[in-house]
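Asks: Below: one structure in structure tokens.
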Amino acid sequence: MALLSMLGLIYLDIPWFKMLARVPQMGLVFWKLGHFEFSHFDLIGSALLETISIAVLSTIYSLILSLFFGMLAAENIFKCRILSSAVKAFFTFLRAVPTPVWVLFMMICIGMGPSAGIAGLCVHTTAFFTRAFAQSFEAVPSETIEALQSAGASKVSVFLNAILPSAIPELIAWTGMRFEINFSECAILGMVGAGGIGYVISTHIEGYEYGTAGLAIFSVFAIAFCIERAFIWIKSKQRTW
Numbered sequence: 006m007a008l009l010s011m012l013g014l015i016y017l018d019i020p021w022f023k024m025l026a027r028v029p030q031m032g033l034v035f036w037k038l039g040h041f042e043f044s045h046f047d048l049i050g051s052a053l054l055e056t057i058s059i060a061v062l063s064t065i066y067s068l069i070l071s072l073f074f075g076m077l078a079a080e081n082i083f084k085c086r087i088l089s090s091a092v093k094a095f096f097t098f099l100r101a102v103p104t105p106v107w108v109l110f111m112m113i114c115i116g117m118g119p120s121a122g123i124a125g126l127c128v129h130t131t132a133f134f135t136r137a138f139a140q141s142f143e144a145v146p147s148e149t150i151e152a153l154q155s156a157g158a159s160k161v162s163v164f165l166n167a168i169l170p171s172a173i174p175e176l177i178a179w180t181g182m183r184f185e186i187n188f189s190e191c192a193i194l195g196m197v198g199a200g201g202i203g204y205v206i207s208t209h210i211e212g213y214e215y216g217t218a219g220l221a222i223f224s225v226f227a228i229a230f231c232i233e234r235a236f237i238w239i240k241s242k243q244r245t246w
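Numbering (my numbering), first residue to last: 6 to 246.
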């Protein structure tokens, strides 16, 4: 890693002295962002609701799809290595392409706006969930599965009555982590035309309205913190449930 870092620094030829000379200017920008301007608070509020809606919908749709594809990708359910490997390879390809690329592709297909953001996020989130859920399903003890199969239960019945209930704590953890990622990515994707708070941040920074942009950025931090605390509370209550 040290060797690669040195080669990367040499290849990029980063102007470190120029960057260090601009550090005071960075402090000035942060100072301006800290002076919040509340005149466009209604716009920020509606953009935040749009961003949260995109994150929620993309997560829910991906969650439903991934339960099915994760079942196909898990090697201990259908016990078909070819099927499992094919599903994993397909979603590895989808996961290898960054989310902004999928969103830009969806913009070409269905136009700019929240719909492209939801569709693009769904592609990458489904690929992420499929891999994560398959690992969770494969972690279920084989003895439990074999006991139900020996009693004559179908594969779907084994999945619904044994594998899925056993994997729920891990599924909740994966869902919480990915929902935080989706919300953060929504703020970025808005800057490329997918709607939401990112569009508000980018337009006001370009217009040198740092107070409004700073309030929007702080709102993103506050919502992300609330999401994190909510899922921590859910995870803490799992034992009592």
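By construction, the Cβ of each residue, glycine as well, lies at the ideal position given by its N, Cα and C atoms.
Along the chain, where does the alpha helix (DSSP H) that runs through Leu-109 open and close?
Replies: Numbered from its first residue, the sequence shown carries residue 109 at position 104. Where Leu-109 is concerned, the enclosing alpha helix (DSSP H) stretches over 104 to 115.
Asks: For a test of the three-state rule: what should DSSP assign to Tyr-16, helix, strand or coil?
Replies: In the sequence shown, the residue the question calls residue 16 occupies position 11. Correct three-state label for Tyr-16: helix.
Asks: Does Thr-97 pass the burial test, meaning 16 or more other C-beta atoms within 10 Å, or should it be called exposed?
Replies: One-based indexing of the sequence shown puts residue 97 at position 92. Burial call: exposed.
Asks: Considering just the uninterrupted stretch of the alpha helix (DSSP H) at Leu-176, what are its terminal residues?
Replies: For the purposes of this step, residue 176 is identified with residue 171 of the sequence shown, where counting begins at 1. Note, Leu-176: alpha helix (DSSP H), 169 to 194.
Asks: Taking just the CA atoms, how far does Ile-87 sit from Pro-105?
Replies: Here residue 105 is taken as the residue at index 100 of the sequence shown, counted from 1. Here residue 87 is taken as the residue at index 82 of the sequence shown, counted from 1. For Pro-105 and Ile-87, the distance between alpha carbons rounds to 31 Å.
Asks: What did DSSP end up calling Cys-127 once you bin it into helix, strand or coil?
Replies: The residue given as residue 127 occupies position 122 in the sequence shown. Note: Cys-127 maps to helix in three-state DSSP.
Asks: If we ignore side chains and look at the alpha-carbon of each, how far apart do Arg-183 and Ala-78 end up?
Replies: By one-based count along the sequence shown, residue 183 stands at place 178. By one-based count along the sequence shown, residue 78 stands at place 73. When rounded, the distance between both Cα atoms is 19 Å.
Asks: Nearest-angstrom Cα distance between Tyr-204 and Pro-146?
Replies: Position 199 of the sequence shown holds residue 204. Position 141 of the sequence shown holds residue 146. Taking the straight line from one Cα to the other gives about 47 Å.
Asks: Return the chain-ordered list of same chain residues with a C-beta closer than 6 Å to the C-beta of Glu-175, the five sequence neighbours on each side being excluded.
Replies: Position 170 of the sequence shown, counted from the start, is the residue given in the question as residue 175. Here the set comprises Ser-141.
Asks: Need the endpoints of the alpha helix (DSSP H) that Pro-29 sits in, please.
Replies: Within the sequence shown, residue 29 is the residue found at index 24, counting from 1. Residues 28 to 38.
Asks: For Met-6, which of helix, strand or coil comes out of DSSP?
Replies: Position 1 of the sequence shown holds residue 6. Met-6: coil per DSSP, three-state reduction.
Asks: Count Cβ pairs between the region 67 to 83 and the region 129 to 139 that sit closer than 8 Å; are there 3 or more?
Replies: With the cut-off at 8 Å, the region 67 to 83 and the region 129 to 139 touch.
Asks: With a cut-off of 8 Å, do at least 3 Cβ pairs link the region 145 to 165 to the region 109 to 124?
Replies: In short, these stretches do not touch, since the Cβ pair count stays below three.
Asks: Output yes or no for whether 7 Å exceeds the beta carbon distance between Ala-52 and Ile-202.
Replies: As a working note, residue 52 is residue 47 in the sequence shown. As a working note, residue 202 is residue 197 in the sequence shown. Yes, the pair counts as a contact, with Cβ atoms nearer than the cut-off.
Asks: Just curious, the alpha helix (DSSP H) that Glu-55 is in, first and last residue?
Replies: Walking along the sequence shown from the start, residue 55 turns up at place 50. Segment 46 to 78, the alpha helix (DSSP H) holding Glu-55.
Asks: Using C-beta distances below 6 Å, list every residue in its chain close to His-45, excluding the 5 sequence neighbours before and after it, in chain order.
Replies: Stepping through the sequence shown from its first residue, residue 45 is reached at position 40. Same-chain partners within the cutoff: Thr-217.
Asks: Going by C-alpha to C-alpha distance, which of Ser-159, Glu-185 and Ser-120 sits closest to Phe-230?
Replies: Indexing the sequence shown from 1 puts residue 230 at position 225. For Phe-230, the nearest C-alpha among the options comes from Glu-185.
Asks: In its own chain, which residues sit with a C-beta less than 7 Å from the C-beta of Cys-127, not counting the 5 before and 5 after it?
Replies: Counting from 1 along the sequence shown, the entry for residue 127 is found at position 122. Correct list, in chain order: Ser-63, Tyr-66 and Ser-67.
Asks: Can you tell me the Cα-Cα spacing of Glu-211 and Gly-39, whole angstroms?
Replies: Position 206 of the sequence shown, counted from the first residue, corresponds to residue 211. Position 34 of the sequence shown, counted from the first residue, corresponds to residue 39. Approximately 17 Å between the Cα atoms of the pair.
Asks: Rounded to the nearest angstrom, how far is the Cβ of Val-161 from that of Gln-154, given a contact under 8 Å?
Replies: Against the sequence shown, residue 161 aligns to sequence position 156. Against the sequence shown, residue 154 aligns to sequence position 149. Rounded, the Cβ-Cβ distance is 12 Å, inconsistent with contact.
Asks: Could you round the C-beta distance between Asn-81 and Ile-150 to whole angstroms and report it? I think they count as a contact, below 8 Å.
Replies: Position 76 of the sequence shown, counted from the first residue, corresponds to residue 81. Position 145 of the sequence shown, counted from the first residue, corresponds to residue 150. Asn-81 to Ile-150, Cβ: 6 Å. Contact.
Asks: Measuring straight from C-alpha to C-alpha, what distance separates Met-117 and Ser-159?
Replies: Taking the sequence shown and counting its residues from 1, the one referred to as residue 117 is at position 112. Taking the sequence shown and counting its residues from 1, the one referred to as residue 159 is at position 154. Spanning the two alpha carbons is a distance of roughly 45 Å.
Asks: Alpha helix (DSSP H) containing Ser-159: first to last residue?
Replies: Translated into positions along the sequence shown, residue 159 becomes position 154. Per DSSP, Ser-159 belongs to no alpha helix (DSSP H) and is neither H nor E.
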